[in-house]
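The block underneath contains the structure these notes are about, expressed in structure tokens.
2 protein chains.
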Amino acid sequence: MSKNISVKKALFEQFAQVAKAMAHANRLELLEFLAQGERTVEVLADLTGISVANASQHLRQLLRAGLVGSRKEGQYVHYSLADLSVVTLMDSLRTVAESNLSEVDHLVDTYLKTKDSLEPVSHEELLSRSREGLVTVLDVRPPEEYEQGHVDGAINIPLADLKRRIDELPRGQEVVAYCRGPYCVLAYDAVAELRARGMEARRLDGGLPEWRNAGLPVA
Amino acid sequence: MSKNISVKKALFEQFAQVAKAMAHANRLELLEFLAQGERTVEVLADLTGISVANASQHLRQLLRAGLVGSRKEGQYVHYSLADLSVVTLMDSLRTVAESNLSEVDHLVDTYLKTKDSLEPVSHEELLSRSREGLVTVLDVRPPEEYEQGHVDGAINIPLADLKRRIDELPRGQEVVAYCRGPYCVLAYDAVAELRARGMEARRLDGGLPEWRNAGLPVA
DNA sequence: TGACTATTCAAGTAATCAATTGAATAATAT
DNA sequence: ATATTATTCAATTGATTACTTGAATAGTCA
Numbered sequence: 003m004s005k006n007i008s009v010k011k012a013l014f015e016q017f018a019q020v021a022k023a024m025a026h027a028n029r030l031e032l033l034e035f036l037a038q039g040e041r042t043v044e045v046l047a048d049l050t051g052i053s054v055a056n057a058s059q060h061l062r063q064l065l066r067a068g069l070v071g072s073r074k075e076g077q078y079v080h081y082s083l084a085d086l087s088v089v090t091l092m093d094s095l096r097t098v099a100e101s102n103l104s105e106v107d108h109l110v111d112t113y114l115k116t117k118d119s120l121e122p123v124s125h126e127e128l129l130s131r132s133r134e135g136l137v138t139v140l141d142v143r144p145p146e147e148y149e150q151g152h153v154d155g156a157i158n159i160p161l162a163d164l165k166r167r168i169d170e171l172p173r174g175q176e177v178v179a180y181c182r183g184p185y186c187v188l189a190y191d192a193v194a195e196l197r198a199r200g201m202e203a204r205r206l207d208g209g210l211p212e213w214r215n216a217g218l219p220v221a
Numbered sequence: 003m004s005k006n007i008s009v010k011k012a013l014f015e016q017f018a019q020v021a022k023a024m025a026h027a028n029r030l031e032l033l034e035f036l037a038q039g040e041r042t043v044e045v046l047a048d049l050t051g052i053s054v055a056n057a058s059q060h061l062r063q064l065l066r067a068g069l070v071g072s073r074k075e076g077q078y079v080h081y082s083l084a085d086l087s088v089v090t091l092m093d094s095l096r097t098v099a100e101s102n103l104s105e106v107d108h109l110v111d112t113y114l115k116t117k118d119s120l121e122p123v124s125h126e127e128l129l130s131r132s133r134e135g136l137v138t139v140l141d142v143r144p145p146e147e148y149e150q151g152h153v154d155g156a157i158n159i160p161l162a163d164l165k166r167r168i169d170e171l172p173r174g175q176e177v178v179a180y181c182r183g184p185y186c187v188l189a190y191d192a193v194a195e196l197r198a199r200g201m202e203a204r205r206l207d208g209g210l211p212e213w214r215n216a217g218l219p220v221a
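Going line by line, the protein sequences match chains A and B. The first sequence begins at 3 in this note's numbering and counts up by one. The second sequence begins at 3 in this note's numbering and counts up by one.
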């Protein structure tokens, strides 16, 4: 019976290990990139702007906590999210931080919300409206990420190319843009750009990982 | 535009703060007790078996991270969960740990699952069967926790009193027991005890916090 | 084979964190 | 007022963590 107390402690310690693995901005950023698809250490170091050795150590820590998996192919080690439940965990973390930390609210309000006064489009709304052919779904992430999976039917124009390739978007239809996650700036910027050109545009609520995690169609 | 990069980093740092607050077994245990209802520092120190000063510091950290709130009444400071989203976060953490850390699986298998070979009863199943009056819902937590909220219709017999008060349970009906959370040992022990007495008994999937968080009726 | 590359490891420093102790607050009770 | 109680604060110790640097592995390519 007193063994059960120590089991409880041991379980909490395991949960704490997982939380500890998430308790660093660099690792959260690594996880966000990994949520788009698998990546090598070097690519991740590049994306996050940290040194390769540092990225390697952070990734190792994520591996130990069971948040990511790795696979060696030739001289490259490819890391990937262990599980879709990790996406759920990251979203829960975001939700709690957003509703209870005023600092987060302030950052979001100041730097993101001002660009986008409209409510984001929910998964359900996008699904039904795109079935009726009423919207264009726009993926503004880099092509590599698009190729590893995107909202079924979405077209890919990276944010950097948007000005130049804006004609590829059907006129007269609302555009729903998305990128990596709920606070991914690319989608905010794309929406602002499109509106400046007189187009109707809104953001999707959440990015590709959330869409996939909801079990919705990915191509 | 480069300001957006630093905003992104700042956001991840805020999320990391929340994760860091969860990254200690003592704080997770405090959160589990707080999920049952509000508690004073001394009571929490007692429940978790840590010193008052230590509990105070951990609680302060949870407060800074926005996971709990506090309210001063007389000489007592009452802490409580900031939000039901914290319950979601804790459950996500559990889920990830359970599916990706073999150590957790092992602990659960060895110390809990052996006592309970049957699947737990889902929220939906309990709801429909208890509406038809087919089950007795048993809350095995201490009366103080029961009084702060329990599954609507549940009767309260703390585990310690179960042997003595087993006659209070209607005969010939299945009993569904629950306590503080998914791994709360009280419910496992109660089910084992009831089965030893020849009664039909199963565990509820999750404890009161999960039930409440699912928006189900609490009295 | 030898040069090269991606990744990991090991060592060191600075920073952060957990827990203890004893003192400081602030409310209540006598 | 004085004593008592619940909680927090401050200072300390030992342990853990982050990041850098340079070396070690282990695979590829010429």
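No residue lacks a Cβ here, since even glycine has one placed at the ideal position from N, Cα and C. What you are looking at is a predicted structure, and each value in this text was computed from that prediction instead of being measured.
- Using a Cβ distance threshold of 8 Å, A:PRO184 and A:THR138 do not count as a contacting pair.
- Counting along the chain, no alpha helix (DSSP H) covers B:ASP141; the unbroken beta strand (DSSP E) around it starts and ends at 137 to 141.
- A distance of 8 Å or more separates the beta carbons of B:ASP154 and B:VAL110.
- From the beta-carbon of B:HIS26, the residues of chain A found nearer than 7 Å are ALA18.
- Contact annotation: in the segment 27 to 46 of chain A, residues whose CB is within less than 9 Å of a CB in chain B are ALA27, ASN28, ARG29, LEU30, GLU31, GLU34.
- Contact between A:ALA216 and A:HIS125 holds, with the beta-carbon distance rounding to 6 Å and staying under 8 Å.
- Note on geometry: alpha-carbon atoms of A:ALA67 and B:SER130 lie some 38 Å from one another.
- At a cut-off of 8 Å between beta carbons, A:GLU147 makes no contact with chain B.
- The residues THR42, in chain order, have a CB closer than 7 Å to that of A:TYR78 in the same chain once the five nearest residues on each side in sequence are set aside.
- DSSP places A:HIS108 outside any beta strand (DSSP E); the residue lies instead in the alpha helix (DSSP H), whose first and last residues are 104 to 113.
- Rounded to the nearest whole angstrom, the CA to CA distance from A:ASN56 to A:LEU30 is 14 Å.
- For A:ARG167, the enclosing alpha helix (DSSP H) covers residues 164 to 167.
- Taking C-beta atoms as the reference points, A:VAL123 and A:ARG204 count as a pair closer than 8 Å.
- In the structure shown, B:LEU83 adopts extended strand secondary structure according to DSSP, grouped into three states.
- From the listed residues B:GLN19, B:VAL178, B:LEU120, B:ALA12, the smallest Cα separation to B:GLY135 is found for B:VAL178.
- Against B:GLU15, the close residues of chain A are ALA27, in the order they occur along the chain (beta-carbon pairs closer than 8 Å).
- Its chain contains VAL153 as the residues whose beta carbon lies nearer than 6 Å to that of B:TRP213, once the 5 sequence neighbours on both sides are disregarded; these appear in chain order.
- Contact note: B:GLU105 reaches chain A through GLN16, using a C-beta cutoff of 7 Å and chain order.
- Taking each of A:HIS26, A:PHE14, A:GLU149, A:PRO160 in turn and checking the Cα distance to B:LEU95, the smallest one comes out for A:PHE14.
- CA-to-CA, the gap between A:GLU34 and A:GLU146 works out to about 15 Å.
- Spatial neighbours of B:THR90 in its own chain (CB-CB distance under 8 Å, excluding positions within 5 residues in sequence) are listed in chain order as ASN215.
- B:LEU69 is a Cβ neighbour of B:ALA23, given a cutoff of 8 Å.
- Within the segment 69 to 88 of chain A, the residues whose Cβ lies closer than 8 Å to any Cβ of chain B are, in chain order, LEU69, ALA84, ASP85, SER87, VAL88.
- For A:ALA57, the uninterrupted alpha helix (DSSP H) segment begins and ends at 54 to 66.
- Taking 8 Å as the upper bound for CB-CB distance, B:CYS186 and B:GLY151 are not in contact here, some 15 Å apart.
- Cβ contact annotation for A:TYR180 (same chain, cutoff 6 Å, sequence separation greater than five): ALA189, LEU206, GLY209, in chain order.
- Near chain A, meaning a CB-to-CB distance below 8 Å, no residue of the segment 197 to 211 of chain B qualifies.
- At a Cβ-Cβ threshold of 8 Å, A:SER87 and A:TYR81 do not count as neighbours.
- In its chain, beyond the 5 residues on either side, ALA67 have a beta carbon closer than 6 Å to the beta carbon of B:VAL20.
- At least 8 Å separates the CB of B:ALA179 from every CB of chain A.
- As the crow flies, the alpha-carbon of B:ASP85 is around 12 Å from that of B:GLY39.
- Where B:ALA179 is concerned, the enclosing beta strand (DSSP E) starts and stops at 176 to 180.
- With a cutoff of 8 Å on beta-carbon distance, B:LEU128 and B:LEU83 are scored as not near each other.
- Its chain contains no residue whose beta carbon lies nearer than 8 Å to that of B:ASP163 once the 5 sequence neighbours on both sides are disregarded.
- Within the segment 185 to 214 of chain B, the complete alpha helix (DSSP H) segments of 4 residues or longer fall at 187 to 198, listed in chain order.
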